[in-house]
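Numbered according to numbering that gives the first Met the number 0, the sequence shown spans residues 0 to 194.
Here's the structure, in structure tokens; my notes come after.
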Amino acid sequence: MPDYPFAFNVPLLGGRPTRYDVHTARTLSAMNGQYADQAAYAALLAQGDVVVYEVYEIKRPEVVGELLHGISIVHPGRVGDEYFMTKGHFHAELATAEVYYCLQGSGRLVLETPEGDWSVQELRPGGVVYVPPRWAHRSVNTGDGDLAMLYVYPAHAGHDYGTIERQGFRKLVVERGGRPSVVDNPRWSNGNSET
Ligand code: F6R
Ligand code: ZN
């Protein structure tokens, strides 16, 4: 039985795609331990468990040759001075890449490798960021409205969230003087630290 081509639209000015199979909403409580300012995190959570980001994905077989693709939407907000962001991950199959196309909003894609290289790429409408194999990635919304992106990656890639949950990213994107700024993560740990 052949697979048939399909098409769908993604609104350029926000909102859900005209076709998707899986909708995931990630709330603040699911981001426990990810934000540097834990007191600000607890205070914000006490006011209510808001949705930080959403993903609309087309389901495809998770095998070599297929491509997973969908829309991610990071809502605006901050925990202390740190902007709302995705959890971020390495691909479980480390040697797999990804392409992001920014549809709406403004933000940064924060990237790093297991070897310690890092990069922060600007996201603005029409901008494409190529995530090479081996690079962990996290989307950060530095704007006042939604940050929406189309993403495409190999369907067999899988996700390793645990490494980032344990050690965080080396760099954080925070507001300094009303502007986004990249700073060292004071709590970054590669698991080898004695403290
Ligand atoms: C898939 C990918 C994106 C993210 C999405 C949500 O490999 O990079 O689709 O899944 O931006 O972020 P995470 O998966 O880190 O919660
Ligand atoms: Zn990915």
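Quick reminder that beta carbons are idealized off the backbone N, C-alpha and C, glycines included.
Take the Cβ of H22 as the centre, count every other Cβ of all protein chains shown within 10 Å, and call the residue buried at 16 or more, exposed below.
exposed
Within 10 Å of its beta-carbon, does K170 have 16 or more other beta-carbons around it, so buried, or fewer, so exposed?
buried
In the DSSP assignment, find the alpha helix (DSSP H) that holds L43 and state where it starts and stops.
Q37 to Q46
Would E114 and A135 qualify as a contact pair, given that the criterion is a beta-carbon distance under 8 angstroms?
no
Any heavy atom of the ligand F6R within a distance shorter than 7 angstroms of the CB on E61?
no
What runs of the beta strand (DSSP E), each 3 residues or longer, lie entirely inside the stretch 45-129?
50-57, 66-73, 97-103, 106-111 and 117-122
Taking the alpha carbon of D20 as the point to measure from, which residue in R165, I70 and Y3 has its own alpha carbon closest?
I70
Decide yes or no for the touch test of the stretch 79-95 against the stretch 123-143: beta carbon pairs closer than 8 angstroms, at least 3 of them.
Counting C-beta pairs closer than 8 angstroms gives three or more between the stretch 79-95 and the stretch 123-143, which meets the contact rule.
Identify which residue in G14, L66, V50 and Q33 has its Cα closest to the Cα of P4.
L66
Could you give the residue range of the alpha helix (DSSP H) that holds T162?
Boundaries of the alpha helix (DSSP H) around T162: G161 to Q166.
Is the beta carbon of Y152 within less than 7 angstroms of some heavy atom of the ligand ZN?
Y152 Cβ: within cutoff of the ligand ZN.
Apply the 10 Å Cβ neighbour rule to S192 and answer buried if 16 or more other Cβ atoms are within range, or exposed otherwise.
Only weak support exists for where S192 lies, its pLDDT of 48 falling under 50; the coordinates are left without a value.
Following a CB-centred definition, is E56 positioned closer than 7 angstroms to any heavy atom of the ligand ZN?
no
Please report the Cβ distance between G79 and D36, rounded to the nearest whole angstrom; I am assuming they are in contact, meaning their Cβ atoms lie under 8 angstroms.
Between D36 and G79 the Cβ distance is about 3 angstroms, and since that is below 8 angstroms, they are a contact.
Just to confirm, does E53 get its C-beta within under 7 angstroms of one of the non-hydrogen atoms of the ligand ZN?
no
Does the pairing of the stretch 91-104 with the stretch 9-19 give three or more beta-carbon distances under 8 angstroms?
Contact check between the stretch 91-104 and the stretch 9-19: three or more CB pairs, one atom from each, fall below 8 angstroms, which counts as touching.
Among the residues of its own chain, which have a CB less than 6 angstroms from the CB of Y34, if the five just before and after it don't count?
Y40, V78 and E81
Going along the chain, which residues of its own chain have a beta-carbon closer than 8 angstroms to the beta-carbon of P60, five neighbours each way excluded?
A154
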